[in-house]
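Chains as they are written, first to last, in our numbering: chain A, 1012 to 1320; chain B, 23 to 280.
Cβ atoms here follow ideal geometry from the backbone N, Cα and C, with glycine treated the same way.
Here's the structure, in structure tokens; my notes come after.
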């Protein structure tokens, strides 16, 4: 990426619904051409943040600029240049696939032959060719989601905003959506998405913000976050006999140690080195998993492993 | 943007177009539903009950009622779709939800719906006009202006109905509006019987309802008794539209705006 420009800028952004603080003072900026992801559990404030960005709800305080425009003053101007894939598909069940696209295009002033060409091209791009005349209710969940993405692209947007693009889809449908989003990102489109799938964030996003209880806990590239809040490797050990050597004996090989139930999570720079050292100490972990640390580890380290309901 | 200016925006017509696309697919059944019911009432009351009554100045009761039924058709068709239909489009089908992710102002959606109800009222009302003309109950070419007045009646009835559909959280609550507002309005609007024996206070209430004025106009157009007073009644309808248009602004904006 060469020269970057900020397309979304939030400062001390808050949203309050009555007595509930959904978003409590978040700061972030998104650059043109990147794929930025908000990662968090349900109710963390992801959707609220997204809705403020695509001008669906008003902020309570703070600053929010999208493409240089203030969301509270220039909603129509911003909407003209965004593509929005909201959490709910909101496809018109009384219209066919192509009519859904043509109607939506008309709201951007794209009509007639131009709209038809654009719609056909997008259906092809999202692997929906041949479905023009289908009723929305005949489509599978994955097809509906891809149709919503096609609809969001009719105006050739500067930013594509996706709120949980693959929630509720089966694995094959999810892979196809990921493939489409990856190719859009590679074509240079700025993507902004929310997800509670760590794998999705790791696969698609250049940069993620971990959001919990309305606050951004950390943001950076997945690699940065893993380095900062976990370590490259993690060794999961089940140790019912409590024979696991204490940290001091492992020469500081363990960067961070977490425990959930009877599973120990030993974050370290290289599992082979750690296992070797354990063997030297006469400890051969009976049941263990040696793997690379993921965003999921970062997330769980930051928000805790217990289920909070 | 104000709710009157919203009538003249390009996206308002596209909202209208959306409803037209959807309607095309079930147009025939929709026509049947919106015509058969008033026609049944018309036959029963006009010819059945009407056989026992004469109305001074009109001869038969059926002659008195026939033009008034244009008003009834306009009110029914616009009220039902602006309340029930708009609730579905807003809550169940996500139609407005997707529109407001595009550069569509919530007031353009409202105005598009009013224009759509104008179309429905004009269409179904005109079909009814053809029916009563077939019975020989239309006596003037002034009646050719009925579609315009039907459209105005459709808009003026659609505004409060849409307002209610944006206020309630449950579709069933729309029946309060149908039962407590729409139906009594029909009863006191001078469709079924002349209002000259009404007490003053009741007449004053009738005067406040748009349908009362619309019915006077339909009767004048069908009978050929058009006068400057008829023009004033039309002006009353236009003024009511302009004033009423501000009523739903807040709830429409709070449901669909940011």
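Three-state secondary structure (DSSP) of residue i
i               : result
residue 108(B)  : helix
residue 126(B)  : coil
residue 161(B)  : coil
residue 61(B)   : helix
residue 1301(A) : strand
residue 1082(A) : coil
residue 1253(A) : coil
residue 93(B)   : helix
residue 1013(A) : Reliability fails at residue 1013(A), whose pLDDT of 44 lies under 50, so the model's placement of it is uncertain and the value that follows must be treated cautiously. Coil.
residue 1275(A) : strand
residue 168(B)  : helix
residue 1215(A) : helix
residue 1025(A) : strand
residue 1281(A) : coil
residue 1183(A) : helix
residue 211(B)  : coil
residue 1205(A) : strand
residue 1068(A) : coil
residue 1042(A) : strand
residue 1288(A) : helix
residue 1221(A) : strand
residue 1124(A) : helix
residue 1145(A) : coil
Neighbourhood of residue i by C-beta distance below 8 Å, restricted to the same chain and skipping five residues each side
i               : result
residue 1018(A) : 1041, 1042, 1043, 1077, 1078, 1169, 1170, 1201
residue 307(B)  : Residue 307(B) is absent from the structure shown; chain B starts at 23 and stops at 280.
residue 1313(A) : 1221, 1223, 1228, 1229, 1240
residue 1089(A) : 1065, 1066, 1077, 1078, 1080, 1082
Closer than 7 Å at the beta carbon, the chain A residues around residue i
i              : result
residue 124(B) : 1090, 1115, 1118, 1119
residue 44(B)  : 1105, 1106
residue 33(B)  : 1118
Proximal residues to residue i (C-beta, below 7 Å), its chain only, five neighbours per side dropped
i               : result
residue 367(B)  : Nothing about residue 367(B) can be reported from this structure: the residues present for chain B run from 23 to 280 only.
residue 130(B)  : 28, 31, 33, 34, 37
residue 1279(A) : 1242, 1244, 1246, 1264, 1265, 1266, 1285
residue 286(B)  : What the structure shows of chain B is the stretch from 23 to 280, and residue 286(B) is not part of that stretch, so it cannot be assessed.
residue 1175(A) : 1098, 1205, 1206
residue 24(B)   : none
residue 1146(A) : 1107
C-alpha gap between residue i and residue j, whole angstroms
i               : j               : result
residue 138(B)  : residue 38(B)   : 5 Å
residue 1060(A) : residue 1052(A) : 14 Å
residue 1251(A) : residue 1222(A) : 34 Å
residue 1299(A) : residue 1290(A) : 13 Å
residue 282(B)  : residue 26(B)   : Here chain B has residues from 23 to 280 only, and residue 282(B) is not among them.
residue 175(B)  : residue 1209(A) : 56 Å
residue 170(B)  : residue 1016(A) : 54 Å
residue 124(B)  : residue 1091(A) : 6 Å
residue 184(B)  : residue 1096(A) : 27 Å
residue 89(B)   : residue 251(B)  : 17 Å
residue 180(B)  : residue 209(B)  : 18 Å
residue 270(B)  : residue 1305(A) : 51 Å
residue 1013(A) : residue 115(B)  : In this predicted model, residue 1013(A) has a pLDDT of only 44, less than 50, meaning its place in the structure is not dependable; the value taken from the coordinates is given anyway. Going from the Cα of residue 1013(A) to the Cα of residue 115(B) covers about 43 Å.
residue 158(B)  : residue 1106(A) : 41 Å
residue 86(B)   : residue 48(B)   : 33 Å
residue 42(B)   : residue 262(B)  : 26 Å
residue 1261(A) : residue 1277(A) : 11 Å
residue 1215(A) : residue 135(B)  : 41 Å
Same chain, Cβ closer than 6 Å to residue i, five either side skipped, listed in chain order
i               : result
residue 2(B)    : Only positions 23 to 280 of chain B appear in the structure, and residue 2(B) is not among them; the question remains open.
residue 117(B)  : 111
residue 1047(A) : 1041, 1203, 1218
residue 1159(A) : 1096, 1100
Under 7 Å by beta carbon: chain B residues contacting residue i
i               : result
residue 1126(A) : Neighbours of residue 1126(A) on chain B: none; closest Cβ ~11 Å, over 7 Å.
residue 1087(A) : 125, 127
8 Å Cβ cut-off: residues of chain A touching residue i
i              : result
residue 40(B)  : 1103, 1106, 1114
residue 36(B)  : 1114, 1117, 1118
residue 191(B) : Those do not exist, as residue 191(B) stays about 16 Å from chain A at its closest Cβ, beyond 8 Å.
residue 24(B)  : Ordered by position in chain A, no residue passes the 8 Å Cβ test against residue 24(B), which lies about 15 Å from the chain.
Chain B residues whose Cβ lies nearer than 9 Å to that of residue i
i               : result
residue 1095(A) : 120, 123, 124
Residue i Cβ short of 7 Å to the ligand FAD heavy atom set
i              : result
residue 206(B) : The ligand FAD is not part of this structure, which contains no ligands at all.
Exercise. According to a CB-to-CB cut-off of less than 9 Å, which residues of the region 1044–1069 of chain A neighbour chain B?
Worked result: Those residues of the region 1044–1069 of chain A that come within reach of chain B (Cβ to Cβ, closer than 9 Å) are 1062, 1063, 1065, 1066, 1067, 1068, 1069.
For this session: Taking only beta carbons into account, state which residues of the region 1099–1114 of chain A come closer than 8 Å to chain B, listed in chain order.
Result: Correct list: 1099, 1100, 1101, 1102, 1103, 1104, 1105, 1106, 1110, 1114.
Problem set entry | Near-chain A residues of the region 47–68 of chain B - C-beta to any C-beta below 8 Å | Listed by position, the residues of the region 47–68 of chain B near chain A (Cβ gap below 8 Å) are 47.
For this session: Could you run through the region 98–117 of chain B and flag, in chain order, every residue whose CB is less than 7 Å away from some CB of chain A?
Result: Here the close residues are 115, 116, 117.
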